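Visitor:
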Amino acid sequence: MSKIVFVFPGQGAQYVGMAKEFYDSFAECKEVFDKAAEVLDFDITELCFNDNEDINKTEYTQAAILTASISILRAVEMRGIKPDYTAGLSLGEFSALVANGTFSFEDAVKVVRKRGIYMENEVPNGKGTMAAVLGLNSDVIESICNKVTVEEGNPVEPANYNCPGQVVISGERQAVLRAKEEMEQAGAKKVVLLNVSGPFHSVMLEGVEEKLRKEFAQVEFHKGLIPYVSSVTGEKVDVDTDLQIIKGLLEKQVHVSVKWQQTVEKLIEEGADTFIEIGPGKTLSAFIKKINRGVKVVNIEKISDLDKLNDLL
1 MSKIVFVFPG QGAQYVGMAK EFYDSFAECK EVFDKAAEVL DFDITELCFN DNEDINKTEY
61 TQAAILTASI SILRAVEMRG IKPDYTAGLS LGEFSALVAN GTFSFEDAVK VVRKRGIYME
121 NEVPNGKGTM AAVLGLNSDV IESICNKVTV EEGNPVEPAN YNCPGQVVIS GERQAVLRAK
181 EEMEQAGAKK VVLLNVSGPF HSVMLEGVEE KLRKEFAQVE FHKGLIPYVS SVTGEKVDVD
241 TDLQIIKGLL EKQVHVSVKW QQTVEKLIEE GADTFIEIGP GKTLSAFIKK INRGVKVVNI
301 EKISDLDKLN DLL
């Protein structure tokens, strides 16, 4: 029996027009945007559907991606597809936990709006950055990060284990630049600085955890209907897991590394053989194919993509 996972993208997947076809075509999908509009302090449809610069600002991006992803999820659910697991990359984990019933979309979008603001403002602009390291063993990356952190007296660390041959590093700008140089010398195919507003998933964002704890205190958590795999630990979180543990994972997620490769490997170990990426972009699909070519991967970001689900029913 095929085991299906719904996976949800994180920051960076956004683009103007995401989920618009769904919004225009299905009442259930439009309703997600309507609910977001009721609780957010900005015009979510204006942000997602009309040309603007704000869509790429962390403080707005996160709520936008969550809203677009859940809107598209509603169309997938209408097709009768039921997952055995959910998972998400960083921010995408909030979509995964809405999908498995851990908390409501309205609560999630309120917290994610605050999460975006806190992450945007935690570190002064330009003080931190991130870089994607291609074609270098993760052990070597970790070792160079540790060495540079000690020698520079400023942090740089692995932020995302995306797939074999792709790790993102994050930290204080000069430390990242020095690590980039050393990784290139160590044989990396390429090290690319990312256009981000801060050193996400690094110790420099530790202060956000406490702020998020206060936000989560106002969120009603429920036992999930199906398990998910945490990108913080790369381990399965069962439906009977203490809700405080789930809360704790989400609170510290912003300043620890995202173990996406380990998350996918764990899901496959649990028997998952079909991954449905729901939301803007195809980034996760590309990562999953690099992690394991033997599993089925489909992405749903346009209405025409829904036909890909027919084979799964």
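Here the sequence shown is numbered in full-length UniProt numbering, starting from 1 and rising by one per residue.
Ideal Cβ placement from N, Cα and C applies to all residues, glycine included.
The model shown is predicted, which means the values in this text are computed figures rather than measured ones.
Quick one: give me the first and last residue of the alpha helix (DSSP H) that A27 is part of.
Guide: Within the sequence shown, residue 27 is the residue found at index 27, counting from 1. 27 to 39 is the span of the alpha helix (DSSP H), which, as asked, contains A27.
Visitor: For N100, which residues of its own chain have a beta-carbon under 6 Å away from its beta-carbon, when the five flanking residues on both sides are left out?
Guide: For the purposes of this step, residue 100 is taken as residue 100 along the sequence shown, with counting starting at 1. Cβ within range, chain order: T86, G224, L225, I226, Y228.
Visitor: Three-state secondary structure (DSSP) at E277?
Guide: The count along the sequence shown starts at 1 and reaches residue 277 at position 277. Strand.
Visitor: Based on the DSSP secondary-structure assignment, which residues constitute the bridge partners of N299?
Guide: For this step, residue 299 is matched to residue 299 along the sequence shown. Answer is E277.
Visitor: Going by DSSP, what residue range makes up the beta strand (DSSP E) through A159?
Guide: Along the sequence shown, read from residue 1 onward, the residue named residue 159 stands at position 159. Unbroken beta strand (DSSP E) run through A159: 156 to 163.
Visitor: Given a threshold of 16 other Cβ atoms within 10 Å of its Cβ, counted over all protein chains shown, does K190 qualify as buried or as exposed?
Guide: Stepping through the sequence shown from its first residue, residue 190 is reached at position 190. An exposed status is given to K190, since fewer than 16 other beta-carbon atoms sit within 10 Å of its beta-carbon.
Visitor: Spatial neighbours of residue 324 within its chain, please: CB distance less than 6 Å, with the 5 preceding and 5 following residues excluded, ordered by chain position.
Guide: Residue numbering for the chain in the displayed model covers 1 to 313; residue 324 lies beyond these limits and cannot be assessed.
Visitor: Fully enclosed by the region 77 to 147, which beta strand (DSSP E) runs are 3 residues long or longer?
Guide: You should have 85 to 88, 128 to 134.
Visitor: By Cβ distance, which residues of its chain are closer than 7 Å to Y23, with the 5 residues on each side in sequence left out?
Guide: One-based indexing of the sequence shown puts residue 23 at position 23. Here the set comprises C29, K30, F33, S71.
Visitor: I'd like to know if the region 142 to 152 and the region 172 to 181 are in contact, where contact means that at least 3 CB-CB pairs between them fall below 8 Å.
Guide: yes
Visitor: To the nearest angstrom, how far is it from the Cα of V208 to the Cα of N310?
Guide: Here residue 208 refers to the residue found at position 208 when the sequence shown is read from its first residue. Here residue 310 refers to the residue found at position 310 when the sequence shown is read from its first residue. For V208 and N310, the distance between alpha carbons rounds to 42 Å.
Visitor: Judging by CA-CA distance, which residue of G126, H255, E151, Q166 is the nearest neighbour of V196?
Guide: Stepping through the sequence shown from its first residue, residue 196 is reached at position 196. Among G126, H255, E151, Q166, the Cα nearest to that of V196 is on G126.
Visitor: In terms of residues, what are the limits of the alpha helix (DSSP H) holding Q174?
Guide: Locating residue 174 in the sequence shown gives position 174, counting from the first residue. Run containing Q174: 173 to 185, per the alpha helix (DSSP H) assignment.
Visitor: Taking only heavy atoms of the ligand NAD into account, decide whether any of them is closer than 6 Å to the Cβ of A27.
Guide: With respect to small molecules bound, the structure shown includes none, and the ligand NAD cannot be examined in it.
Visitor: Report the option in A68, K114, I117 whose CA atom is closest to the CA atom of A98.
Guide: What you label residue 98 is simply residue 98 of the sequence shown in a count that begins at 1. In the sequence as presented, Ala is not what sits at residue 98; that position holds Val. Ranking the options by Cα distance to V98, first place goes to A68.
Visitor: Does the beta-carbon distance from G281 to T263 come in below 7 Å?
Guide: Indexing the sequence shown from 1 puts residue 281 at position 281. Indexing the sequence shown from 1 puts residue 263 at position 263. The answer is no: Cβ separation not under 7 Å.
Visitor: Would you kindly work out how many angstroms separate the C-alpha atoms of A217 and R79, rounded to a whole number?
Guide: Within the sequence shown, residue 217 is the residue found at index 217, counting from 1. Within the sequence shown, residue 79 is the residue found at index 79, counting from 1. Distance between the alpha carbons of A217 and R79: 35 Å.
Visitor: Just tell me which of K296, L267, E53, N162 has its CA closest to the CA of S90.
Guide: On the sequence shown, position 90 is the one that residue 90 refers to. Among K296, L267, E53, N162, the Cα nearest to that of S90 belongs to N162.
Visitor: Just to confirm the assignment, what range does the alpha helix (DSSP H) spanning K211 have?
Guide: Locating residue 211 in the sequence shown gives position 211, where the first residue counts as 1. K211 -> alpha helix (DSSP H) spans 206 to 216.
Visitor: So what does S170 bridge to, in DSSP terms?
Guide: As a working mapping, residue 170 is identified with position 170 in the sequence shown. Its beta-bridge partners are M130, E157.
Visitor: How should S304 be labelled, buried or exposed, when 16 other C-beta atoms within 10 angstroms of its C-beta is the threshold for buried?
Guide: Position 304 of the sequence shown, counting from 1, holds the residue named residue 304. When all chains shown are included, S304 counts as exposed.
Visitor: When the Cβ atoms of the region 153 to 170 are set against those of the region 132 to 139, are three or more pairs found closer than 8 Å?
Guide: yes
Visitor: Taking the alpha-carbon positions, what's the D139 to G17 distance?
Guide: In the sequence shown, the residue the question calls residue 139 occupies position 139. In the sequence shown, the residue the question calls residue 17 occupies position 17. One C-alpha to the other measures close to 39 Å.
Visitor: If you reduce the DSSP assignment to three classes, tell me which class F6 lands in.
Guide: Residue mapping note: residue 6 aligns to position 6 of the sequence shown, counting from 1. Residue state for F6 is assigned as strand, using DSSP reduced to three classes.
Visitor: What are the start and end residues of the alpha helix (DSSP H) that includes K190?
Guide: Indexing the sequence shown from 1 puts residue 190 at position 190. Unbroken run through K190 is the beta strand (DSSP E), 190 to 193; no alpha helix (DSSP H).
Visitor: If you follow the alpha helix (DSSP H) that Q244 is in, where does it begin and where does it stop?
Guide: The residue you call residue 244 lines up with position 244 of the sequence shown. Note, Q244: alpha helix (DSSP H), 243 to 252.
Visitor: Here's the rule I'm using: 16 or more other beta-carbon atoms within 10 Å means buried, otherwise exposed. How should S202 be labelled?
Guide: Position 202 of the sequence shown, counted from the first residue, corresponds to residue 202. Buried, by the Cβ-count rule.
Visitor: Going by CA-CA distance only, name the one from E220, E120, A37, I276 that's closest to residue 321.
Guide: Within the shown structure, residues of the chain are numbered from 1 to 313, placing residue 321 beyond reach of any answer.
Visitor: DSSP three-state call for V203: helix, strand or coil?
Guide: The count along the sequence shown starts at 1 and reaches residue 203 at position 203. Helix at V203.
Visitor: Quick one: residues in its chain with C-beta nearer than 7 Å to the C-beta of S25, no 5 flanking neighbours on either side, listed in chain order?
Guide: The residue given as residue 25 occupies position 25 in the sequence shown. For S25, where only same-chain residues beyond five positions count, the Cβ hits under 7 Å are I303.
Visitor: DSSP on A272, reduced to helix/strand/coil?
Guide: As a working mapping, residue 272 is identified with position 272 in the sequence shown. Reduced to three states, the DSSP call for A272 is strand.
Visitor: Looking only at its own chain, which residues have a Cβ that is under 7 Å from the Cβ of D273, when we skip the five neighbours before and after it?
Guide: Start at 1 with the first residue of the sequence shown, and residue 273 comes out as number 273. Correct list, in chain order: S2, K3, V295, K296.
Visitor: Counting only the same chain and skipping the five closest in sequence on each side, list residues whose C-beta sits under 7 Å from that of N299.
Guide: Working through the sequence shown from its first residue, we reach residue 299 at position 299. Only E277, K282, S285, D305 meet the Cβ criterion.
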